[in-house]
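*Asks:* Here it is: the structure, laid out below.
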Ligand code: ADP
Ligand code: MG
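In this note's numbering, the protein residues as written are 71 to 227.
What follows is the structure, encoded as structure tokens:
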């Protein structure tokens, strides 16, 4: 699935739409360069789950946990592990595929911890002159994520 967003609000709206479809155990990998819009997407995602305060990127803490009505939300930003390494000893897999929903910025740095079923979302600037345009690509790995993506496609179109 491929979507063009024209501004940050639209990317947040996509995050909100996805948040309505997830259930405990779901994992979302967020790819994209610095400033692409990963945290912006997560902001919308969190807001739809009832988290209204501004989301701080957990670059130094690696993970921030939020309580929602139905499950914990784990927001991970593991950017700094790209330089420091050592991801394998952190036990981050405890956040994935279990009681909560996990959304992860820079997931390639913790590949060993990925669950079997996950959504991959890649946000990229376009080559257009529109500074606020992004292309968002969504892919599913596993049946649960495939089902979510099919529903999202129906809602979004
Ligand atoms: P990342 O977490 O990927 O490093 P952020 O979400 O922190 O990126 O920052 C993205 C920046 O780009 C924000 O300042 C946001 O307002 C801006 N922006 C402009 N257009 C868009 C868009 N279409 N989608 C997401 N963010 C956008
Ligand atoms: Mg970020």
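Every residue, glycine too, gets a C-beta built ideally from N, C-alpha and C.
Is it right to say residue 218 is buried, meaning 16 or more other beta carbons lie within 10 angstroms of its own, or is it exposed?
*Replies:* buried
*Asks:* Is it buried or exposed, residue 145, if we count other Cβ atoms within 10 angstroms and call 16 or more buried?
*Replies:* buried
*Asks:* Please classify residue 124 as buried or exposed, where buried requires at least 16 neighbouring CB atoms within 10 angstroms.
*Replies:* exposed
*Asks:* With respect to 7 Å, is the separation between the Cβ of residue 109 and the closest non-hydrogen atom of the ligand MG below this value?
*Replies:* Correct: residue 109 has its Cβ closer than 7 Å to the ligand MG.
*Asks:* According to DSSP, what are the bridge partners of residue 191?
*Replies:* 100, 208
*Asks:* Would you kindly work out how many angstroms separate the C-alpha atoms of residue 177 and residue 105, rounded to a whole number?
*Replies:* Looking at the two C-alpha atoms, the distance is approximately 16 Å.
*Asks:* With distances taken Cα to Cα, identify the nearest neighbour of residue 147 among 100, 77, 121.
*Replies:* The option with the nearest alpha carbon to residue 147 is 100.
*Asks:* Are there 16 or more other CB atoms within 10 angstroms of the CB of residue 184, so buried, or fewer, so exposed?
*Replies:* buried
*Asks:* Leaving out the 5 sequence neighbours to the left and right, which residues in its chain are closer than 6 Å to residue 73 when beta-carbon positions are compared?
*Replies:* 206
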